[in-house]
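To start, the structure itself, in structure tokens.
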Amino acid sequence: MLTTDLLNRYISDHPYGISNGAADQLRFTLAAYGRFCGVSGAAIFDTNKANAWIDELQATRAPDTVRTQRGNLLTIWRWAYRVALVAEPPLRVRKLRPIRRSPQAWTLPEVRQLIRTATAAGPWWGSLVRAGYDTGLRLGDLLSVTAVQITATMRLQQGKTRRPVLVSFRPATLLAIRLHLDGRTEGLVWPWPYRREALYRHFNRLVTAAGIRRGTFRWLRRTAATQAERVQAGSGARLLGHASRATTEAWYIDRSQFEMPPLPPI
2 MLTTDLLNRY ISDHPYGISN GAADQLRFTL AAYGRFCGVS GAAIFDTNKA
52 NAWIDELQAT RAPDTVRTQR GNLLTIWRWA YRVALVAEPP LRVRKLRPIR
102 RSPQAWTLPE VRQLIRTATA AGPWWGSLVR AGYDTGLRLG DLLSVTAVQI
152 TATMRLQQGK TRRPVLVSFR PATLLAIRLH LDGRTEGLVW PWPYRREALY
202 RHFNRLVTAA GIRRGTFRWL RRTAATQAER VQAGSGARLL GHASRATTEA
252 WYIDRSQFEM PPLPPI
């Protein structure tokens with residue numbers, strides 16, 4: 002069985018299904034790991050090979066990238082062990098030291114500048130960036146929104162967690178989306194016919210042109226959660242559809258943007 006066959010079977014066996022973005026990440030990881038191992042199929046699931054690969058990643062990649070790649074590999078490996086495709090469970094694959102970093106998000110002035118730059122790039126980008134900030138949705142979820150779904154308040158199922166979430170568009174954002182649709186009532190709101198990596202590159206160029214801190218589309222999600230939390234405690238988790246406020250706090254809320262009120266006089 003080839004590595005691609007393994008992944009296709011994993012996807013078809015998944016009880017809830019997985020998003021195209023998640024499938025692409027798994028495919029990228031297995032391809033990179035397979036090239037490192039020089040083998041294909043179930044033969045890649047070898048503890049010594051996995052630990053050697055992780056060592057190489059730690060020497061050349063950012064900690065978050067290493068953690069993601071390791072997690073993707075173990076996801077497929079655990080499944081392959083459960084369905085008896087491999088005899089060895091991934092129990093001795095090297096664990097990573099937890100990364101404790103405070104989340105970073107753009108400030109409101111930075112988001113305003115990014116929106117201005119995106120709007121100048123065209124209605125597709127202008128409406129997408131506005132929607133990303135308003136809703137805090139993941140990029141994959143935004144790209145799956147259809148024209149018929151667009152209302153001031155929109156309910157949808159998140160692709161990663163399969164949890165429902167209720168989001169709202171500000172009037173200016175709703176207007177930008179409708180101008181972008183130009184009367185169209187069918188199909189995806191933001192169709193993207195190219196690879197996702199091309200979209201990332203285009204977005205990075207917008208960020209550079211805006212003259213703000215370097216950040217990915219995920220920074221919009223963090224920024225939305227941070228601003229919601231500044232308005233009311235707990236709002237960040239509700240906006241992102243998280244079951245636990247601890248998750249939002251640990252990965253999305255930029256506490257450096259919160260002012261500490263003065264202590265009462267004594």
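Residue numbers for the sequence shown follow the numbering used here, so the first one is 2 and each next one is one higher. Even for Gly, the Cβ is constructed at its ideal location relative to N, Cα and C.
Thr4 and Leu27 do not touch by the CB rule: their CB atoms are close to 10 angstroms apart, not below 8 angstroms. Here Tyr11 is not near Leu74, since their CB atoms are 8 angstroms or more apart.
As a beta-bridge residue in DSSP terms, Leu189 pairs with Thr147. For Gln114, the uninterrupted alpha helix (DSSP H) run begins and ends at Leu109 to Ala122, by DSSP. For the 8 angstroms CB-CB criterion, Leu140 and Val130 do not form a contact. Judged by their CB atoms, Ile213 and Trp125 are not nearer to each other than the 8 angstroms cut-off. CA-to-CA, the gap between Trp193 and Val208 works out to about 19 angstroms. The shortest C-alpha to C-alpha distance from Arg206 to any of Asn49, Asp25, Ala88 and Thr118 is the one to Thr118. CA-to-CA, the gap between Phe46 and Glu89 works out to about 8 angstroms.
For the region 185-266, the continuous alpha helix (DSSP H) assignments of 4+ residues that do not extend past its boundaries occur at 197-211, 219-232, 236-241 and 246-252, in sequence order. Contact check between the region 242-249 and the region 148-167: three or more CB pairs, one atom from each, fall below 8 angstroms, which counts as touching. Under the DSSP definition of a beta bridge, Pro104 lacks any partner. For the pair of segments examined, the region 42-58 was found to touch the region 69-86: the number of CB pairs separated by less than 8 angstroms reaches three. Taken through DSSP and simplified to helix, strand or coil, Ser13 comes out as helix.
If you compare the alpha carbons of Arg113, Gln258, Ser236 and Tyr195 with that of Val168, the shortest gap goes to Ser236. In this structure, DSSP gives Pro90 a state outside helix and strand, which the three-state scheme calls coil. The bridge partners DSSP lists for Thr154 are Ser169. Between the C-alpha atoms of Leu180 and Thr120 there is a straight-line separation of about 12 angstroms. Note on the region 7-70: whole alpha helix (DSSP H) runs with a minimum of 4 residues are 21-38 and 48-61, in chain order. Looking from the CA of Gly184, the closest CA among Arg256, Pro263, Arg239 and Val149 belongs to Val149.
Assignment of Thr136 by DSSP, reduced to helix, strand and coil, places it in the helix class. In the structure shown, Arg163 adopts coil according to DSSP, grouped into three states. If the five residues before and after Val67 are omitted, its C-beta is found closer than 8 angstroms to the C-beta atoms of Ile55, Leu58, Gln59 and Leu97, all from its own chain and listed in chain order.
Excluding sequence positions up to five before and after Arg256, its CB lies within less than 7 angstroms of the CB of Ser103, all in the same chain and listed in chain order. Excluding its 5 nearest sequence neighbours in each direction, Thr147 has C-beta neighbours in its own chain below 7 angstroms: Gly188, Leu189 and Val190, listed in chain order.
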